[in-house]
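Counting in our numbering, the final residue of the sequence shown is number 277, and the numbers go up one at a time with none missing.
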Amino acid sequence: MSPQLSHRLDRTVIIQAAPETVFGFFTDTPQWASWWGAGSTIDPRPGGALKIRYPDGTEVLGQVVELRAPERIVFTYGYATGKMIEPGGSLVTIALEQAGAGTRLQLTHQFADEAVRDMHVQGWRYQLSLFANVVSDAVNGSVADLIDAWFDAWADPDAAARTRTLATIAVPELRFKDRFSNTDGLDDLVAHITGAQRFMPDIRMKRNSDVRHCQGTVLADWLAHSSDGQPRASGTNVFVLGAHGRIESVTGFMAIT
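Structure follows, in structure tokens:
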């Protein structure tokens, strides 16, 4: 480390997306701006200029020092005003590595001044949390359709068709549990749904509100009706999605009407 930049800030986060997906947010201006702010730009090549424009109008100027897809980006970081950090006055390194099906992001920000370093700790904590959400939202952009397919599968009387649907939206090791269920794997779930249809032949579940999504965890409210249109139960399902965008587990909370 350069003696002029002898103070460092380190932070690590896990993001539910593949490294190639995460790295794309460093090499495309619209994606770069999606987690920094409108008006932010990047020229993704060594020596390329970058600009970060925070929502309050504060601007950071920098230059790409190193770019190695999909593993590493290094850039200088300084404020356009020259206050606190002059342009070129600090150095940011972001390294990515595979972590299961997701990505471990390691940030290092090197500073010349310890007090200035300390002033950026909360900022990076916030910014990387926002980044994790932006990436996850992009990976799971069709999450409402995914959840609707889940409920449709429960109403499908054809076990083979139900299996095909679930195989496209969930991992083979899917775990599902609620007050009446504790299944392990897709085959077990398909058989469980067959039993549920036998004992409750005219009950159909449908999502009845917008889904709520945060970094791969989804809440979906639902309502179950009988064939005469009368409500029979309601509840909320908690879905956990993997880095691939498929369902890994579901927990259901039910209220009988």
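Quick reminder that beta carbons are idealized off the backbone N, C-alpha and C, glycines included.
Check	Outcome
Identified DSSP bridge partners for Met225	Ala244
Cα-Cα separation, Thr47 to Asp63	7 Å
Sufficient close CB pairs (3 or more, under 8 Å) joining the region 258-274 to the region 125-144	no
Cα-Cα separation, Thr41 to Asp248	47 Å
Arg218 classed as buried or exposed, judged by whether at least 16 other C-beta atoms fall within 10 angstroms	exposed
Every unbroken beta strand (DSSP E) inside the region 191-227 [3 residues or more]	201-204 and 224-227
Whole-angstrom distance between Ile93 and Asn257, CA atom to CA atom	39 Å
First through last residue of the beta strand (DSSP E) which encompasses Gln126	Gly122 to Phe131
Closest residue to Ala115 among Gly109, Thr123 and Phe151 (Cα-Cα distance)	Thr123
Other residues of its chain near Ser60: CB distance less than 7 Å, five sequence neighbours each side excluded	Trp52, Ala53, Lys71, Ile72 and Arg73
Other residues of its chain near Trp55: CB distance less than 7 Å, five sequence neighbours each side excluded	Phe45, Leu150, Phe151 and Val154
Spatial neighbours of Pro251 in its chain, beta-carbon cut-off 8 Å, leaving aside the 5 residues before and after	Leu243, Ala244, His245 and Thr277
DSSP beta-bridge partners of Pro251	His245
Per DSSP, the bridge partner or partners of Asn257	Ala240 and Gly272
contact_flag[the region 223-230, the region 196-207] where n(CB pairs < 8 Å) is 3 or more	no
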